[in-house]
Amino acid sequence: MDLSQLSPMMQHYMETKKEYPDCILFYRLGDFYEMFFDDALTVSKELEITLTGKDCGLSERAPMCGVPFHAVDSYLYRLVQKGYKVAIAEQMEDPKQAKGLVKREVIRVVTPGTITSSQVLDETKNNYLMGIVYMDGIYGISTADISTGDFMVTEVDSDRELFDEINKFSPSEIICNNAFYMSGVDMDGLKNRYQVVISSLDSRFFGEESCRRILMEHFKVGALVGLGLEDYATGIIAAGAVMQYIYETQKSTLEHITTVTPYSTGQYMVIDTSTRRNLELVETMREKQKRGTLLWVLDKTKTAMGARLLRACIEQPLIHRDEIIRRQNAVEELNMNYISREEICEYLNPIYDLERLIGRISYKTANPRDLIAFRSSLEMLPYIKRILGEFNSELLAELGRELDPLQDIFRLIGDAIVEEPPITVREGGIIKDGYNQEADKLRQAKTEGKNWLAELEAREKEKTGIKTLKVKFNKVFGYYFEVTNSFKDQVPDYYIRKQTLTNAERFTTDELKQLEDIIMGAEEKLVSLEYDLFCEVRDKIGAEVIRIQKTAKSIAGIDVFCSLSVVATRRNYVKPSINDKGVIQIKNGRHPVVEQMMRDDMFVANDTFLDNGKNRLSVITGPNMAGKSTYMRQVALIVLMAQLGSFVPAQEADIGICDRVFTRVGASDDLASGQSTFMVEMTEVANILRNATRNSLLVLDEIGRGTSTFDGLSIAWAVIEHISNSKLLGAKTLFATHYHELTELEGTIAGVKNYCIAVKEQGDDIVFLRKIVRGGADKSYGIQVAKLAGVPDSVIARAKEIAEELSDADITARAKEIAEISSNITQHKAVPKPDEVDMQQLSFFDTVKDDDIIRELDSLELSTMTPLDAMNTLYRLQTKLKNRWKETE
Ligand code: ADP
1 MDLSQLSPMM QHYMETKKEY PDCILFYRLG DFYEMFFDDA LTVSKELEIT LTGKDCGLSE
61 RAPMCGVPFH AVDSYLYRLV QKGYKVAIAE QMEDPKQAKG LVKREVIRVV TPGTITSSQV
121 LDETKNNYLM GIVYMDGIYG ISTADISTGD FMVTEVDSDR ELFDEINKFS PSEIICNNAF
181 YMSGVDMDGL KNRYQVVISS LDSRFFGEES CRRILMEHFK VGALVGLGLE DYATGIIAAG
241 AVMQYIYETQ KSTLEHITTV TPYSTGQYMV IDTSTRRNLE LVETMREKQK RGTLLWVLDK
301 TKTAMGARLL RACIEQPLIH RDEIIRRQNA VEELNMNYIS REEICEYLNP IYDLERLIGR
361 ISYKTANPRD LIAFRSSLEM LPYIKRILGE FNSELLAELG RELDPLQDIF RLIGDAIVEE
421 PPITVREGGI IKDGYNQEAD KLRQAKTEGK NWLAELEARE KEKTGIKTLK VKFNKVFGYY
481 FEVTNSFKDQ VPDYYIRKQT LTNAERFTTD ELKQLEDIIM GAEEKLVSLE YDLFCEVRDK
541 IGAEVIRIQK TAKSIAGIDV FCSLSVVATR RNYVKPSIND KGVIQIKNGR HPVVEQMMRD
601 DMFVANDTFL DNGKNRLSVI TGPNMAGKST YMRQVALIVL MAQLGSFVPA QEADIGICDR
661 VFTRVGASDD LASGQSTFMV EMTEVANILR NATRNSLLVL DEIGRGTSTF DGLSIAWAVI
721 EHISNSKLLG AKTLFATHYH ELTELEGTIA GVKNYCIAVK EQGDDIVFLR KIVRGGADKS
781 YGIQVAKLAG VPDSVIARAK EIAEELSDAD ITARAKEIAE ISSNITQHKA VPKPDEVDMQ
841 QLSFFDTVKD DDIIRELDSL ELSTMTPLDA MNTLYRLQTK LKNRWKETE
């Protein structure tokens with residue numbers, strides 16, 4: 001394309017586009033953002049908007065499409081959702097005042113992780129941008145939410161931990177170095193699973209020196225030690241790269257990113273990706289909804305900040321006893337002072353999202369209404385602070401101390417901004433009377449001007465005798481007299497015609513023109529002064545960002561504790577005691593979500609006892625639908641709730657802190673990655689066996705279901721042997737199974753205990769009692785469950801006949817034998833040696849080695865055979881085999 005042929009504006013467009021080749025350029029033209037050429041083709045297709053054309057100086061019109069500026073946020077959001085980056089070129093001067101071409105500049109690049117519009121962000125969730133740097137076997141991870149100013153850094157040294165972090169934050173955008181991109185991590189899988197946009201950035205983002213420098217400059221420190229980052233060499237590079245990326249896309253000073261928080265993944269309970277999904281902590285497995293999750297039960301927060309913090313607490317339960325107890329004490333004190341708590345909740349209710357408001361204030365995108373919302377939030381702070389002052393628990397008292405009532409800002413906004421200002425900043429009507437003398441004077445001139453106009457209108461009416469004479473105003477012609485056609489003859493000579501309409505004419509006079517100049521001058525000056533004053537107020541608030549963020553964090557904390565307390569009281573939860581001895585003892589525990597989904601106290605409570613000794617592993621049997629999964633998840637959820645500081649649904653509970661919780665529940669095909677159910681199941685089992693420790697809690701549901709009975713039983717058996725062996729693992733485990741043979745392990749392997757979920761037989765039917773009791777179930781009641789589910793009677797009757805013929809007594813008898821052998825082995829050797837396994841495999845090969853069919857197969861010279869020979873040989877061998885089977889039948 002010959003650029004010199006293009007119109008000057010299109011030349012500027014092309015130059016700007018050249019600077020942002022990987023972005024779609026939104027180019028502001030009046031009330032629209034326009035896109036041209038390829039961008040226009042892409043956007044019109046992606047957003048289904050009409051493609052038009054624009055004369056651009058070339059022989060062909062440039063493809064063009066546009067979106068209205070007032071609705072730009074939703075279009076932007078849809079594009080970044082689809083993985084595009086959008087550069088926004090704004091008009092930098094008022095087109096009316098521009099001499100020549102209006103100046104335009106890119107003011108911001110919007111990407112999924114850097115979008116800040118309150119209209120598109122979910123206020124109960126953070127929107128994270130994550131930087132990942134892979135270097136010397138270490139992953140540096142830095143996570144930022146630029147809408148709130150949160151900024152964190154950590155390091156991990158395995159893929160698994162990295163995925164846990166990605167899963168914990170579920171960022172909407174990841175930026176990374178090339179080494180990570182090429183590290184063999186399945187990028188497509190990552191993108192699909194987390195719906196995240198990943199881009200590998202240029203190496204200039206990851207220079208060690210430049211990363212250190214940008215962090216030191218941003219946080220205004222002389223050395224990174226001051227930020228607590230000295231131990232995070234790779235983390236620093238990730239943080240520096242994220243910072244650089246935000247600077248380059250936002251083109252703003254980012255004053256609201258005031259701290260960087262380094263953390264170690266060892267500070268929190270490890271919950272891996274599939275466990276988070278299985279336990280439905282913040283979204284349900286299938287519908288991905290909040291309803292039906294632990295968050296749904298616990299979230300009674302009143303503010304967006306509280307909602308986000310509660311979600312983070314659920315995602316990261318604690319592992320230090322003192323910290324857990326500090327939180328519990330806060331909840332307990334609120335429970336006991338429930339009137340004060342209700343009062344706090346009322347004050348929290350009208351508080352807006354201070355974190356995101358201060359973000360917009362720092363960005364200079366906050367409008368006058370935002371400031372009024374800010375003020376109405378601040379109004380509540382002194383009351384909350386006063387009530388917190390009455391509390392004794394360490395955490396509540398601390399939150400009270402940290403809450404700055406910000407009354408100086410409250411007064412500033414109250415003095416400066418009118419109660420109901422417009423959203424726009426450039427049309428006046430923002431600043432209160434009495435705030436600024438100059439503004440008052442201009443306002444007076446404006447109102448007096450209106451009186452003068454009224455007087456002039458009356459005088460002219462009298463003078464000319466035109467009864468319908470009116471002074472009117474519009475943006476194009478300014479002030480004018482309007483005379484209807486019936487009085488046209490009475491218009492005096494000194495009236496100057498401005499415009500003719502079908503039924504009236506419009507005029508001006510010298511006097512009217514003079515008045516217009518005074519009024520319009522005052523108006524224009526006032527509008528621009530009000531804009532300046534508004535920006536000044538906004539900047540003054542922006543300068544207090546640290547105080548405001550601290551207060552916002554404190555409000556979030558109070559909101560979370562009030563929420564936990566409200567739920568604890570309403571749902572009859574108890575304060576669990578927390579122990580370091582590894583004992584989990586729950587009396588009459590309930591599943592927090594299932595109980596809430598049920599009507600009328602239908603939920604049957606159950607006890608749990610697990611320890612690191614004789615009660616390490618419960619083998620839980622019982623028919624399908626008896627309640628095994630519910631029970632096991634209930635235990636995991638109660639442990640998790642206790643560790644996040646919440647009270648728990650039980651009559652009594654003593655919870656030994658768990659470092660990790662693993663679950664392997666149900667069979668979910670991972671279609672996205674193309675793995676079979678059984679493969680997924682075994683991958684998860686492998687992960688658990690490798691990473692669990694003695695202090696972990698394992699919930700294993702129906703291990704081995706995905707394969708044949710014999711394989712499945714053998715795997716389940718071997719898994720139990722491995723876990724319960726305290727030298728190998730010894731983790732506390734709940735193991736549900738439909739292989740009744742596994743109940744043989746109690747008494748054979750130390751630490752294994754049998755439990756079953758009771759059912760009552762009533763003739764041919766069964767009734768679920770939902771109660772967990774000691775002992776193994778002796779029947780699977782599969783046919784009864786099938787009947788309950790509505791399988792036709794004829795099929796049920798036939799199934800019974802077959803079951804009788806097949807009697808599984810054989811398998812059970814065999815299981816007894818194996819249990820004996822295994823008991824001998826474990827008595828003699830605590831740890832089975834791998835070569836024993838090899839021995840068994842060898843013996844299988846030994847037997848087949850002598851088989852003549854196998855020998856013949858082995859000796860075939862495939863390279864010299866024709867396809868027909870091969871077919872014939874195979875056919876012969878197969879017939880031989882079939883005949884042999886016939887003989888043995
Ligand atoms: P299983 O894992 O044994 O097949 P589930 O745990 O899926 O059984 O439970 C089946 C249904 O039984 C659940 O959907 C739930 O509604 C109900 N249920 C489970 N446990 C209880 C209980 N303790 N009290 C009342 N209903 C329960």
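Using full-length UniProt numbering, read the sequence shown as starting at 1 and increasing by one per residue. Here a beta-carbon is modelled for each residue, glycine too, at the ideal position from N, C-alpha and C. Since we're looking at a predicted model, the values are computed, not measured.
DSSP state of P368 mapped onto helix, strand, coil: By one-based count along the sequence shown, residue 368 stands at place 368. Of the three classes helix, strand and coil, the one that applies to P368 here is helix, per DSSP.
Cα-Cα separation between K575 and K581, rounded to whole angstroms: Taking the first residue of the sequence shown as 1, we reach residue 575 at position 575. Taking the first residue of the sequence shown as 1, we reach residue 581 at position 581. Each residue's CA atom was taken as its position, placing K575 and K581 some 18 Å apart.
Any non-hydrogen atom of the ligand ADP within 7 Å of A543 CB: Taking the first residue of the sequence shown as 1, we reach residue 543 at position 543. No, the beta carbon of A543 sits no closer than 7 Å to any heavy atom of the ligand ADP.
Outcome for H70 when other beta-carbon atoms lying within 10 angstroms are tallied against a minimum of 16: On the sequence shown, position 70 is the one that residue 70 refers to. Under this definition H70 is an exposed residue.
Entirely enclosed beta strand (DSSP E) segments - the stretch 701-786, minimum 3 residues: Counting whole runs of 3 or more residues, the stretch 701-786 contains the beta strand (DSSP E) stretches 732-736, 752-762, 765-774.
Option in L190, T148, K446, T275 with minimal Cα separation from Y363: Along the sequence shown, one-based indexing puts residue 363 at 363. In this structure, T148 is the residue among L190, T148, K446, T275 with its C-alpha nearest to the C-alpha of Y363.
The ligand COA heavy atom lying under 7 Å from the CB of S200: Absence of the ligand COA is noted for the structure shown, with the ligand ADP being the only ligands found.
Paired residues, beta bridge with N606 - DSSP: For the purposes of this step, residue 606 is taken as residue 606 along the sequence shown, with counting starting at 1. N606 pairs with G589.
Of the listed residues Q195, M135, S183, nearest to G83 (C-alpha basis): Counted from its first residue, the sequence shown places residue 83 at position 83. Nearest option by C-alpha distance: Q195.
Through-space distance from N615 to L881, alpha-carbon basis: In the sequence shown, residue 881 corresponds to position 881, counting from 1. In the sequence shown, residue 615 corresponds to position 615, counting from 1. Using only the alpha carbons, I get a separation of about 50 Å.
Whole-Å CB distance - V759 paired with I749, under 8 Å assumed: Within the sequence shown, numbered from 1, the residue matching residue 759 stands at position 759. Within the sequence shown, numbered from 1, the residue matching residue 749 stands at position 749. Not a contact, Cβ separation roughly 26 Å.
Straight-line Cα distance separating L3 from M14: Locating residue 14 in the sequence shown gives position 14, where the first residue counts as 1. Locating residue 3 in the sequence shown gives position 3, where the first residue counts as 1. Between the alpha carbons of M14 and L3 lies a distance of about 8 Å.
Distance CB(V153)-CB(P262) smaller than 8 Å: Numbered from its first residue, the sequence shown carries residue 153 at position 153. Numbered from its first residue, the sequence shown carries residue 262 at position 262. Yes, the Cβ-Cβ distance between V153 and P262 is below 8 Å.
Which listed residue (V242, R497, R571) has its alpha carbon closest to that of D600: In the sequence shown, residue 600 corresponds to position 600, counting from 1. Distance from the Cα of D600 is smallest, within the candidate group V242, R497, R571, for R571.
Residue(s) in a DSSP beta bridge with I110: The count along the sequence shown starts at 1 and reaches residue 110 at position 110. The amino acid at residue 110 is misidentified as Ile; the sequence shows Val. Beta-bridge analysis with DSSP links V110 to V86.
Member of L515, V491, M520 whose CA lies at the smallest distance from the CA of F507: Along the sequence shown, one-based indexing puts residue 507 at 507. For the options L515, V491, M520, the alpha carbon positioned closest to that of F507 is the one of V491.
Contact check, A736 vs S629, beta carbons under 8 Å: Indexing the sequence shown from 1 puts residue 736 at position 736. Indexing the sequence shown from 1 puts residue 629 at position 629. Result yes, Cβ atoms of A736 and S629 sit closer than 8 Å.
Check: V593 C-beta below 7 Å from any heavy atom of the ligand ADP: For this step, residue 593 is matched to residue 593 along the sequence shown. Because no heavy atom of the ligand ADP lies under 7 Å away, the Cβ of V593 does not count as near it: no.
The stretch 397-409 touching the stretch 370-378, judged by at least three CB pairs closer than 8 Å: A contact exists between the stretch 397-409 and the stretch 370-378.
Cα-Cα separation, Q651 to D150: Locating residue 651 in the sequence shown gives position 651, counting from the first residue. Locating residue 150 in the sequence shown gives position 150, counting from the first residue. For Q651 and D150, the distance between alpha carbons rounds to 38 Å.
According to DSSP, residues forming a beta bridge with N579: One-based indexing of the sequence shown puts residue 579 at position 579. According to DSSP, N579 bridges with G656.
Integer Cβ distance of L129 from T116, believed to fall under 8 Å: The count along the sequence shown starts at 1 and reaches residue 129 at position 129. The count along the sequence shown starts at 1 and reaches residue 116 at position 116. No, L129 and T116 are not in contact; Cβ-Cβ is about 11 Å, not under 8 Å.
Entirely enclosed beta strand (DSSP E) segments - the stretch 104-163, minimum 3 residues: Taken in chain order, the unbroken stretches of beta strand (DSSP E) that lie wholly in the stretch 104-163 and span 3 residues or more are 104-110, 129-135, 138-145, 150-156.
Among Y435, M216, Q11, L442, the one whose alpha carbon lies nearest that of I519: Here the question's residue 519 lines up with position 519 in the sequence shown. Nearest option by C-alpha distance: L442.
Closest by C-alpha distance to N612, when choosing among R664, M679, K753: Your numbering for residue 612 matches position 612 in the sequence shown. K753 is the residue among R664, M679, K753 whose C-alpha sits nearest the C-alpha of N612.
Three-state secondary structure (DSSP) of K829: For this step, residue 829 is matched to residue 829 along the sequence shown. Confidence at K829 is low in this model, with a pLDDT of 44, below 50, so the placement of that residue is unreliable and no value is reported for it.
Spatially closest choice to P63 from A40, K85, L79, by CA coordinates: Counting from 1 along the sequence shown, the entry for residue 63 is found at position 63. Residue nearest to P63 within the set A40, K85, L79 is A40 (criterion: CA-CA distance).
Three-state class that DSSP yields for M35 in the structure shown: Here residue 35 refers to the residue found at position 35 when the sequence shown is read from its first residue. In this structure, DSSP gives M35 an extended state, which the three-state scheme calls strand.
Burial state of M35, where buried means 16 or more other Cβ atoms lie within 10 Å: One-based indexing of the sequence shown puts residue 35 at position 35. Around the beta carbon of M35, 16 or more other beta carbons lie within 10 angstroms, which makes this residue buried.
Distance between V773 and I586 (C-alpha atoms, nearest Å): Reading the sequence shown from its first residue, position 586 is the one you call residue 586. Reading the sequence shown from its first residue, position 773 is the one you call residue 773. C-alpha separation (whole angstroms): 14 Å.
As assigned by DSSP and simplified to three states, the class of N337: Within the sequence shown, residue 337 is the residue found at index 337, counting from 1. Coil at N337, not helix or strand.
DSSP state of G622 mapped onto helix, strand, coil: Working through the sequence shown from its first residue, we reach residue 622 at position 622. Coil, per DSSP.
Any residue whose CB is nearer than 5 Å to a heavy atom belonging to the ligand ADP, listed in chain order: Those residues whose C-beta sits under 5 Å from the nearest heavy atom of the ligand ADP are, from N- to C-terminal order along the chain, F603, V604, N624, M625, A626, G627, K628, S629, T630, R770.
Option nearest I314 by Cα separation, candidates T303, V86, L637, Y247: As a first step, residue 314 must be located in the sequence shown, where it is residue number 314. Per the Cα distances, L637.
Where I430 sits in the DSSP three-state scheme: In the sequence shown, the residue the question calls residue 430 occupies position 430. For I430, the three-state secondary structure derived from DSSP is coil.
Length at least 4, wholly inside the stretch 462-544: the alpha helix (DSSP H) runs in chain order: Under the rule that a run must span 4 or more residues, the alpha helix (DSSP H) segments found entirely inside the stretch 462-544 read 510-542.
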